[in-house]
Amino acid sequence: MSDTSRRPRRTGKPYRRPKKDPVRVLAFDALRAVDERDAYANLVLPPLLRKAREKGDFDGRDAALATELVYGTLRRQGTYDAILAECVDRPLREVDPPVLDVLSLGTHQLLGTRIPTHAAVSASVELARVVLGDGRAKFVNAVLRKVAQDDLDGWIQRVAPPYDDDPEDHLAVVHSHPRWVVSALWDSLGGGRAGIERLLEADNERPEVTLVARPGRATTEELLGEEAAVAGRWSPYAVRLAEGGEPGAIEAVREGRAGVQDEGSQLVALALANAPLDGPDEKWLDGCAGPGGKAALLAALAAERGAVLLASEKQPHRAGLVAKALHGNPGPYQVIAADGTRPPWRAGSFDRALVDVPCTGLGALRRRPEARWRRRPEDLDGFAPLQRGLLRSAIDSVRVGGVVGYATCSPHLAETRAVVDDVLKQRGDVELIDARELLAGVPELGEGPDVQLWPHVHGTDAMYLALMRRTG
4 MSDTSRRPRR
14 TGKPYRRPKK
24 DPVRVLAFDA
34 LRAVDERDAY
44 ANLVLPPLLR
54 KAREKGDFDG
64 RDAALATELV
74 YGTLRRQGTY
84 DAILAECVDR
94 PLREVDPPVL
104 DVLSLGTHQL
114 LGTRIPTHAA
124 VSASVELARV
134 VLGDGRAKFV
144 NAVLRKVAQD
154 DLDGWIQRVA
164 PPYDDDPEDH
174 LAVVHSHPRW
184 VVSALWDSLG
194 GGRAGIERLL
204 EADNERPEVT
214 LVARPGRATT
224 EELLGEEAAV
234 AGRWSPYAVR
244 LAEGGEPGAI
254 EAVREGRAGV
264 QDEGSQLVAL
274 ALANAPLDGP
284 DEKWLDGCAG
294 PGGKAALLAA
304 LAAERGAVLL
314 ASEKQPHRAG
324 LVAKALHGNP
334 GPYQVIAADG
344 TRPPWRAGSF
354 DRALVDVPCT
364 GLGALRRRPE
374 ARWRRRPEDL
384 DGFAPLQRGL
394 LRSAIDSVRV
404 GGVVGYATCS
414 PHLAETRAVV
424 DDVLKQRGDV
434 ELIDARELLA
444 GVPELGEGPD
454 VQLWPHVHGT
464 DAMYLALMRR
474 TG
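Add 3 to the 1-based position in the sequence shown for my numbering, that's all there is to it.
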């Protein structure tokens, strides 16, 4: 059989091979990994960028553009889907996911960047030719030309319901969050429209990179000597990198003496370490230690006092990450793979215990924007028994007079106060400690005794912390 069927159809114009744009192809590959493998962009993108640099395809500006295309598209996915639904002649669920990824990348370039309209459309059509073929490229061209007929504000006026008619749906479209997430965050915040809009806007901003100088191994002074580094806002061990700062280029980070850690996460570890304690202060527990950020800080603080940290993580591969984070700690420590709800240690073994429990991660949507589209309300029911079980176990693990910290990277009331209230109602041997007193200088911490941090207020992930003492 002749292979002429595989040749381009003659149209009177000479066939032109599509021009491969490494930046947009890489962005497309990252989005496909997020969609196909449920990967997280913050884990997928760095190795792709590193490989592109090694091949000589990328410079710093290329890496910045690819990063913006990936994260911007994921953050604004809900808004862009609403706009694309008006420009496509079929339900979006009937559009092949790779085609939709190219359309979303193009829409972000048109509506969310300063890339000129003609360049955004032509680059997206060329990407479609490379990764989808000529036929689908024509479809992409037709749709994006419709998108280009208005700017973002104009489109939002067309596709978002009026606030007065449906406040939650309006905010969901305007700020690109699922409606149920908008509702949950609003319940957690309380108050009126201004606060929830500020929070949703903060979720769509690119977060700063924050470093932690691990005590006894690095100092903030050392990190502040780096280009584009400024002091943290609240934690004495925090240093922030200005936009474009590369943690991997810093010697202390490469050596593990410092790490990348959100300031809210640092504050949780510091509050547990500094909670008042009567009696011995020799044995500390991190009962949900993976991937190791809090454990590394706790182990370093414990070493300064002559205490020992046991870092426990159920998943063996995550326990490996914990061991890597703690390697080189100035004092003794131990890392084990164990189920914190069925612990191998004896009850009453520890003076301090932290459980940063598995949760929906709604407090870190700035860093993992795809999580907002991946999570479902029913996920809360799946986490609930585990969260309660881990807190009960942590309380049992400390001696009388010992301190327990319950933390989540979610502000959802079902994962924060509801868990603490339920567990404390079942037992009379625990009292709450006012955690606000242990976050000195941090404003707007609420009525207590627990603490909820917020991206739009504190510049941190939305970390929750409740501290309690075992009394009997």
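All C-beta atoms, glycine included, are put in the ideal place defined by N, C-alpha and C.
Source: prediction; values computed, not measured.
Let me check one thing: in DSSP terms, what residues is residue i bridge-paired to?
i             : result
lysine 286    : Val311
leucine 468   : Ala410, Val454
glutamate 434 : Arg472
arginine 243  : Thr213, Val233
lysine 336    : Correcting the residue type first, residue 336 is tyrosine in the shown sequence and not lysine. DSSP, once it has assigned bridges, lists Leu312 as partnering tyrosine 336.
valine 263    : Leu214
Does residue i pass the burial test, meaning 16 or more other C-beta atoms within 10 Å, or should it be called exposed?
i             : result
histidine 178 : buried
arginine 209  : exposed
valine 403    : exposed
glutamine 269 : buried
histidine 180 : buried
histidine 330 : exposed
aspartate 354 : buried
proline 218   : buried
glutamine 152 : exposed
proline 372   : buried
glutamate 434 : exposed
glutamine 455 : buried
glutamine 80  : buried
lysine 428    : exposed
glutamine 390 : buried
glycine 193   : exposed
histidine 111 : buried
proline 11    : For proline 11, the predicted model reports a pLDDT of 48, less than 50, meaning its position is unreliable and no value from the coordinates is stated.
alanine 306   : buried
In chain order, what residues of the same chain have a beta carbon less than 8 angstroms from the beta carbon of residue i, not counting five sequence neighbours either side?
i            : result
alanine 340  : Ser315, Glu316, Lys317, Gln318, Pro319, Ala322
arginine 182 : Glu171, Asp172, Ala175
alanine 42   : Ala36
alanine 374  : Tyr43, Thr363, Gly364, Leu365, Ala367, Leu368
glycine 451  : Asp437, Ala438, Arg439
arginine 9   : Residue placement at arginine 9 is flagged as unreliable, the pLDDT there being 43, under the threshold of 50; the coordinate-derived value follows with that caveat. Taken in chain order, the list of residues that qualify is empty.
alanine 274  : Gly408, Ala438, Leu441, Leu442, Val454, Leu468, Leu470
threonine 7  : At threonine 7, the pLDDT of 39 sits below 50, so the modelled position is not reliable and the matter cannot be decided from this model.
Can you give the beta carbon distance from residue i to residue j, rounded, assuming they're within the 8 angstroms contact cut?
i             : j              : result
aspartate 172 : leucine 368    : Their Cβ separation, rounded to whole angstroms, is 18 angstroms, which puts aspartate 172 and leucine 368 out of contact at 8 angstroms.
valine 477    : glycine 248    : An answer regarding residue 477 cannot be provided, because it is not within the stretch 4 to 475 covered by the chain.
alanine 278   : isoleucine 398 : Not quite, the Cβ-Cβ distance comes to about 14 angstroms (not below 8 angstroms), so this is no contact.
leucine 34    : threonine 76   : 7 angstroms
leucine 226   : alanine 255    : 6 angstroms
serine 483    : tryptophan 348 : The question about residue 483 has no answer here: the residues shown for the chain are numbered 4 through 475.
alanine 30    : leucine 95     : Between leucine 95 and alanine 30 the Cβ distance is about 20 angstroms, and since that is not below 8 angstroms, they are no contact.
leucine 52    : alanine 69     : 7 angstroms
glycine 290   : alanine 356    : 6 angstroms
leucine 280   : valine 406     : 6 angstroms
Apart from the five residues on each side of it in sequence, which residues of its chain come closer than 7 angstroms, Cβ to Cβ, to residue i?
i             : result
alanine 487   : This structure does not reach residue 487, given that the chain is present from 4 up to 475, and the question cannot be answered.
glycine 235   : Thr213, Ala241, Val242, Arg243, Glu266
lysine 22     : Glu129
aspartate 432 : Arg473, Thr474, Gly475
leucine 324   : Gly293, Pro294, Gly295
proline 283   : Asp354
arginine 148  : Val124
Between which two residues does the beta strand (DSSP E) harbouring residue i extend?
i              : result
aspartate 359  : 353-359
isoleucine 118 : No beta strand (DSSP E) contains isoleucine 118, which DSSP labels as neither H nor E.
alanine 42     : Counting along the chain, alanine 42 falls outside any beta strand (DSSP E), and DSSP gives it neither H nor E.
Which stretch, first to last residue, makes up the alpha helix (DSSP H) that contains residue i?
i              : result
tyrosine 74    : 63-78
glutamine 269  : 266-277
glutamine 390  : 382-400
glycine 259    : Taken as a continuous stretch (DSSP letters only), glycine 259 belongs to no alpha helix (DSSP H), as it is neither H nor E.
glycine 323    : 319-329
leucine 95     : Premise fails: leucine 95 is in no alpha helix (DSSP H) and is neither H nor E.
valine 422     : 420-428
arginine 148   : 137-150
aspartate 281  : Run containing aspartate 281: none; DSSP gives neither H nor E here.
glycine 228    : Run containing glycine 228: none; DSSP gives neither H nor E here.
aspartate 167  : Careful: aspartate 167 lies outside any alpha helix (DSSP H) and carries neither H nor E.
valine 185     : 182-192
glutamate 204  : 196-206
tryptophan 376 : 374-377
Among residues of its own chain, excluding the 5 on either side of residue i, which ones have a beta-carbon nearer than 6 angstroms to its beta-carbon?
i              : result
serine 186     : Glu171
valine 445     : Trp237
alanine 302    : Leu312, Leu329, Asn332, Tyr336
tryptophan 158 : Ile86
alanine 410    : Val271, Asp359, Leu468
alanine 417    : Leu383
How about residue i: is its C-beta nearer than 8 angstroms to some C-beta of chain C?
i             : result
aspartate 464 : No chain C appears in this structure, which consists of one protein chain only.
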